[in-house]
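**Student:** Take a look at the following structure, please.
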Amino acid sequence: MESAVRVFVTIMMMSLTLSCDGGAALQVPLPGGLPPIAAIADARAALAGPNHAMRLFSHAQLIGYGAPLVLAVMALAGTVFLAGAWHKREAQFQALSRQLAMMTFLAKLSREREAEFRALSLTDPLTCLANRRRFMAELSEEVTRARRASRPMSLLMCDIDHFKKINDTYGHAVGDEVLRQIARALAGVARSDLDIAARVGGEEFAILAVETDLEGARVLAERIRRTVAALSFRCGGEQFNVTVSIGVTSHTGANLDGESLLEAADSLLYRAKNSGRHRVEAASLRDIVTLSAAS
């Protein structure tokens, strides 16, 4: 009889460990790790009396993935056990409990893989920064927040100088390492709790500086420029350095929009490129719009 209670309590414990979203804290009791005698005694006491069926279903709101199967197994096991017919069904329920344990494990694994795939779809695989898709989504959300609260927001567009020459001279493997190192430099300079760093193109990066005015963004850009210039790379006994050009823009106000920020930062980036590279060009969105209208 004790083994019968063990199997039944095991099924109960499996159901109780499933959260509403099939959470990551799932712990499935497996053979060899069944509940202790004290837990069995508590469960036996809880199931005593005429309301045992209601007790079986009282925690249904805690059950997520696989709820119908879990509840069906619990109800059937409870009915058979309380009817005193367990000795005729013990082997079947032992096998069923193992199958249920495997199903809950696979459900947990599936949810973990789903979360991994979702993260991969928003991450650049080479640099581990946010990719363009995630960056554009974050930009849209942050623009809405900044507009609502009338907070400043800045955007930095950063491009590696002469990157094609690096690839042609040293090979794509070295070029990839340059991208990775610069991505680490950007992530190290950006504020992890506020700023969003992303790789938005081949050798182009972006940083969304939340709650940052133009002067603060200019300081951030200069720090990035100096940090990258201090990096050293080696290939075949030859050492070389790389530089970046950065365009910076900022805006505060109800008429803030992401597309205008992107266009302004891009135009400033190209101005930095055309002015000799390895430099920062910064201007407010309002100034750029005014200059464009005047020309």
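For the sequence shown, the numbering used here puts the final residue at 1077, and the numbers step up evenly by one. Just so it is clear, CB atoms sit at the ideal spot from N, CA and C, and this is done for glycine as well. None of these values were measured; they are calculated from a predicted model.
#1: With DSSP as the reference, please indicate the residues paired to Gly-1029 in a beta bridge.
#2: Could you tell me whether the stretch 1013 to 1020 touches the stretch 974 to 991, using the rule of 3 or more Cβ pairs below 8 Å?
#3: From Leu-908 to Asp-958, what does the alpha carbon distance come to, in whole angstroms?
#4: Quick check on the burial criterion: 16 or more other C-beta atoms within 10 angstroms. Buried or exposed for Glu-1063?
#5: Please state if the CB of Ala-1047 and the CB of Gly-1029 are separated by a distance shorter than 7 Å.
#6: Take every Cβ of the stretch 952 to 968, pair it with every Cβ of the stretch 1049 to 1056, and state whether three or more of those distances are shorter than 8 Å.
#7: Spatial neighbours of Arg-1061 within its chain, please: C-beta separation below 7 Å, excluding the five flanking residues on both sides.
#8: Considering Cα atoms alone, identify which of Asp-995, Val-1001 and Arg-1005 is closest to Ala-928.
#9: Since Ala-979 and Ser-1032 are thought to touch, with beta carbons under 8 Å apart, how far apart are those beta carbons, to the nearest angstrom?
#10: Is it right to say Leu-938 is buried, meaning 16 or more other beta carbons lie within 10 angstroms of its own, or is it exposed?
#11: My understanding is that Ile-948 touches Val-1024, with C-beta atoms under 8 Å, so please give their C-beta distance in whole angstroms.
#12: Mark Ser-936 as exposed unless 16 or more other C-beta atoms lie within 10 angstroms of its C-beta, in which case mark it buried.
#13: Looking at the structure shown, is Arg-973 part of a helix, part of a strand, or coil, going by DSSP?
#14: When burial is assigned at 16 or more other CB atoms within 10 Å of the CB, is Asp-950 buried or exposed?
#15: Give me the Cβ distance between Phe-987 and Leu-968, rounded to the nearest whole Å; I'm assuming they're in contact under 8 Å.
#16: Give the DSSP-derived three-state secondary structure of Glu-986 in the structure shown.
**Tutor:** Reading it off the structure:
#1: Met-939 and Glu-1063
#2: no
#3: 7 Å
#4: buried
#5: yes
#6: no
#7: Ser-1027 and Ala-1054
#8: Asp-995
#9: Ala-979 to Ser-1032, Cβ: 17 Å. No contact.
#10: buried
#11: 7 Å
#12: buried
#13: coil
#14: exposed
#15: 6 Å
#16: strand
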